[in-house]
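Trainee: Quick one: the structure is below, and I'll ask about it shortly.
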Amino acid sequence: MLIFKMIFLGYLGLGALYWLAQLVLSLRVVKSVRLISDLKGAEPDPWPRVSEIVTARNEADTIIAAMSVRLEDDYPNLEIILIDDRSDDGTSEIADEIARNDPRVKAVHLKELPEGWLGKLHAMHQGVKRATGDWLLFSDVDVQIRKGALKKSIAYCETRKLDLLAGLPEIFPVNFALDIFFSVFIRFICLAARVWAIEDEKSKASAGSGSFNLVRRTAFEKTKGFEWLKLEPADDVALGQMLKESGARCSLVNGRGYIGVYFYRSLRELAIGSERALFTSIGNLSFWRLALMAAIVFLLELSPFFALIPVGVPHLWISGLAMICVAIYIQVLLNQWAGRNILPSFFFPIGSIALPIVTLRAGILGAIRGGIYWRGTFYPSGILKEGKRYKLY
Numbered sequence: 000m001l002i003f004k005m006i007f008l009g010y011l012g013l014g015a016l017y018w019l020a021q022l023v024l025s026l027r028v029v030k031s032v033r034l035i036s037d038l039k040g041a042e043p044d045p046w047p048r049v050s051e052i053v054t055a056r057n058e059a060d061t062i063i064a065a066m067s068v069r070l071e072d073d074y075p076n077l078e079i080i081l082i083d084d085r086s087d088d089g090t091s092e093i094a095d096e097i098a099r100n101d102p103r104v105k106a107v108h109l110k111e112l113p114e115g116w117l118g119k120l121h122a123m124h125q126g127v128k129r130a131t132g133d134w135l136l137f138s139d140v141d142v143q144i145r146k147g148a149l150k151k152s153i154a155y156c157e158t159r160k161l162d163l164l165a166g167l168p169e170i171f172p173v174n175f176a177l178d179i180f181f182s183v184f185i186r187f188i189c190l191a192a193r194v195w196a197i198e199d200e201k202s203k204a205s206a207g208s209g210s211f212n213l214v215r216r217t218a219f220e221k222t223k224g225f226e227w228l229k230l231e232p233a234d235d236v237a238l239g240q241m242l243k244e245s246g247a248r249c250s251l252v253n254g255r256g257y258i259g260v261y262f263y264r265s266l267r268e269l270a271i272g273s274e275r276a277l278f279t280s281i282g283n284l285s286f287w288r289l290a291l292m293a294a295i296v297f298l299l300e301l302s303p304f305f306a307l308i309p310v311g312v313p314h315l316w317i318s319g320l321a322m323i324c325v326a327i328y329i330q331v332l333l334n335q336w337a338g339r340n341i342l343p344s345f346f347f348p349i350g351s352i353a354l355p356i357v358t359l360r361a362g363i364l365g366a367i368r369g370g371i372y373w374r375g376t377f378y379p380s381g382i383l384k385e386g387k388r389y390k391l392y
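Residue numbers are given in numbering that gives the first Met the number 0: position 257 of the sequence shown equals residue 256, and the series is strictly consecutive.
Shown next as structure tokens:
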């Protein structure tokens with residue numbers, strides 16, 4: 000019994016250290032990552048040309064709303080390369096209509112996927128070939144980029160001589176269950192990416208965003224390009240890592256109020272959509288790695304609640320309540336910073352349970368299938384392993 004109690008107390012001590020570390024790092028996130036609304040920089044004269052490379056596959060339900068917001072932008076030297084990647088749901092026709100109504104938009108239709116490429120990487124590669132801009136903005140078609148975002152970002156990058164500016168999007172609310180999950184998800188993303196260290200040229204921390212990756216063309220041309228990344232499912236963060244490793248100066252901003260997206264519309268869509276990143280990038284195509292990570296996350300995240308279990312240690316429950324308060328404070332802090340409702344923060348244990356479940360599910364399905372489905376195509380694990388470029392540091 001004594002040995003069990005010592006192991007249990009050791010576990011709770013580790014849990015306390017985990018949450019205290021999360022507190023310190025969360026404060027660093029809020030302090031170091033600027034809001035896009037606060038970016039300052041001298042307006043260049045003339046404004047450099049920006050090519051938005053927007054990829055879409057079967058986005059008929061979202062393309063009109065998101066593109067309407069983009070086209071309100073008054074950036075004076077802008078072109079939008081709208082890539083329709085083998086859509087069969089009406090996206091092609093909508094893209095053509097958008098291009099007819101706005102001369103800044105060029106609709107490009109891809110009918111086939113060459114062997115040895117992931118669909119989105121191929122689409123972005125084709126977009127770069129057609130782009131004429133000094134800056135390239137890679138972004139998914141369902142992302143809403145509001146008026147002013149480009150001017151602020153370009154002025155800031157030119158003033159600070161940056162080569163990459165990644166924008167964390169505001170995740171629009173859909174329902175309370177998803178809000179609980181995202182209140183935890185945001186914390187994991189920011190802390191795992193070590194976003195406070197991205198501007199440090201000596202650090203290996205890097206960033207990329209599928210919602211907003213603004214890249215100086217000359218810096219991109221110094222890299223190995225999308226032909227090197229062509230089988231990397233984590234295309235957005237791998238792009239950021241590739242740029243930083245090539246010597247590019249990188250930064251990250253909080254896009255609250257200017258960059259936003261409905262990330263997923265339901266829990267089912269979330270579970271399916273997260274399979275790719277979890278199994279390939281986080282799990283490194285290994286079920287056992289994901290299973291171990293899910294178990295560790297579950298135990299550390301819920302450690303404050305296990306401290307409430309009476310095991311004969313006086314006042315242990317007080318430390319448990321203290322850690323619960325710390326955890327809630329962290330959740331509130333980061334969700335306020337991200338521009339989200341803070342109420343789901345008080346239900347964070349639900350999200351802390353859901354995240355390991357979703358992770359484990361991705362590992363099981365990836366192992367059973369021997370690969371992943373992405374954008375309507377199946378990719379075997381063997382091929383993905385050969386083309387893996389993103390490294391977890």
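For each residue, glycine too, the CB sits at the ideal point set by N, CA and C.
As the structure is a computational prediction, the values presented were derived from the model and not from experiment.
1) Classify I308 as helix, strand or coil using the three-state DSSP reduction.
2) In this structure, how does DSSP classify L136 when only helix, strand and coil are distinguished?
3) Can A353 and V183 be called in contact, C-beta distance under 9 angstroms?
4) Are the stretch 255-265 and the stretch 355-370 in contact at 8 angstroms, needing three or more beta carbon pairs?
5) Does the structure place the stretch 277-292 close enough to the stretch 62-72 that three or more beta carbon pairs sit under 8 angstroms?
6) Using the three-state DSSP reduction, which class does V53 fall into: helix, strand or coil?
7) Looking at C-beta atoms only, is the number of pairs between the stretch 228-246 and the stretch 143-161 that lie closer than 8 angstroms three or more?
8) Where does the unbroken beta strand (DSSP E) through A106 begin, and where does it stop?
9) Which residue comes first and which comes last in the beta strand (DSSP E) that contains N212?
10) If you compare alpha carbons, which of G207, D95 and F345 is closest to R248?
11) Would you give the residue range spanned by the alpha helix (DSSP H) that E226 belongs to?
12) Would you kindly work out how many angstroms separate the C-alpha atoms of L284 and S273, rounded to a whole number?
13) Check this for me: beta carbons of G239 and P168, under 9 angstroms apart or not?
14) Could you pull the DSSP bridge partners for Q143 from this structure?
15) With DSSP as the reference, label V32 as helix, strand or coil.
16) Which residue marks the beginning of the alpha helix (DSSP H) containing V357, and which one marks its end?
17) Taking the C-alpha atoms as reference points, what is the distance between L38 and I2?
18) What does DSSP give as the partner residues of Y372 in its beta bridges?
19) Among I82, A59, R103 and I185, which residue has its Cα nearest to the Cα of R48?
20) Could you pull out every residue in the same chain whose Cβ sits closer than 6 angstroms to the Cβ of S202, ignoring the five residues on either side in sequence?
21) Taking only the alpha-carbon atoms, compute the straight-line gap between S91 and L298 and give it to the nearest angstrom.
22) Flag Y378 as yes when its Cβ comes closer than 8 angstroms to any non-hydrogen atom of the ligand NAP, and as no otherwise.
23) Out of W336, G338, I329 and V357, state which residue places its alpha-carbon closest to the alpha-carbon of F347.
24) Work out the CA separation of Y392 and L8 for me, nearest whole Å.
25) Please classify I6 as buried or exposed, where buried requires at least 16 neighbouring CB atoms within 10 angstroms.
26) Under DSSP, the beta strand (DSSP E) around N100 begins and ends at which residues?
27) Starting from S318, trace the alpha helix (DSSP H) both ways and give me its first and last residue.
28) Alpha carbon to alpha carbon, what distance is there between P309 and R374?
29) Around the C-beta of T217, are 16 or more other C-beta atoms found within 10 angstroms, so that it is buried, or is it exposed?
30) Can we say the stretch 374-388 touches the stretch 326-343, given the rule of at least three CB pairs closer than 8 angstroms?
Mentor: Result, derived from the coordinates:
1) coil
2) L136: strand per DSSP, three-state reduction.
3) yes
4) no
5) Two segments are said to touch when three or more pairs of C-beta atoms, one from each, lie closer than 8 angstroms; by this definition the stretch 62-72 does not touch the stretch 277-292.
6) In this structure, V53 counts as strand in the three-state DSSP scheme.
7) no
8) For A106, the uninterrupted beta strand (DSSP E) run begins and ends at V104 to L109, by DSSP.
9) N212 to R215
10) G207
11) F225 to L228
12) 14 angstroms
13) One thing to note: G239 has its Cβ no nearer than 9 angstroms to the Cβ of P168.
14) G259
15) coil
16) Here the alpha helix (DSSP H) through V357 covers F347 to R368.
17) 55 angstroms
18) F377
19) The shortest C-alpha separation from R48 is found at R103.
20) The beta carbon of S202 lies closer than 6 angstroms to those of A196 in the same chain, with the five residues before and after it left out.
21) 47 angstroms
22) The ligand NAP is not among the ligands present in this structure, which contains no ligands whatsoever.
23) I329
24) If you take the alpha carbons of L8 and Y392, they lie about 30 angstroms apart.
25) An exposed status is given to I6, since fewer than 16 other beta-carbon atoms sit within 10 Å of its beta-carbon.
26) Note, N100: premise wrong, no beta strand (DSSP E); alpha helix (DSSP H) at T90 to N100.
27) L315 to W336
28) Straight-line Cα distance between these residues: approximately 50 angstroms.
29) exposed
30) no
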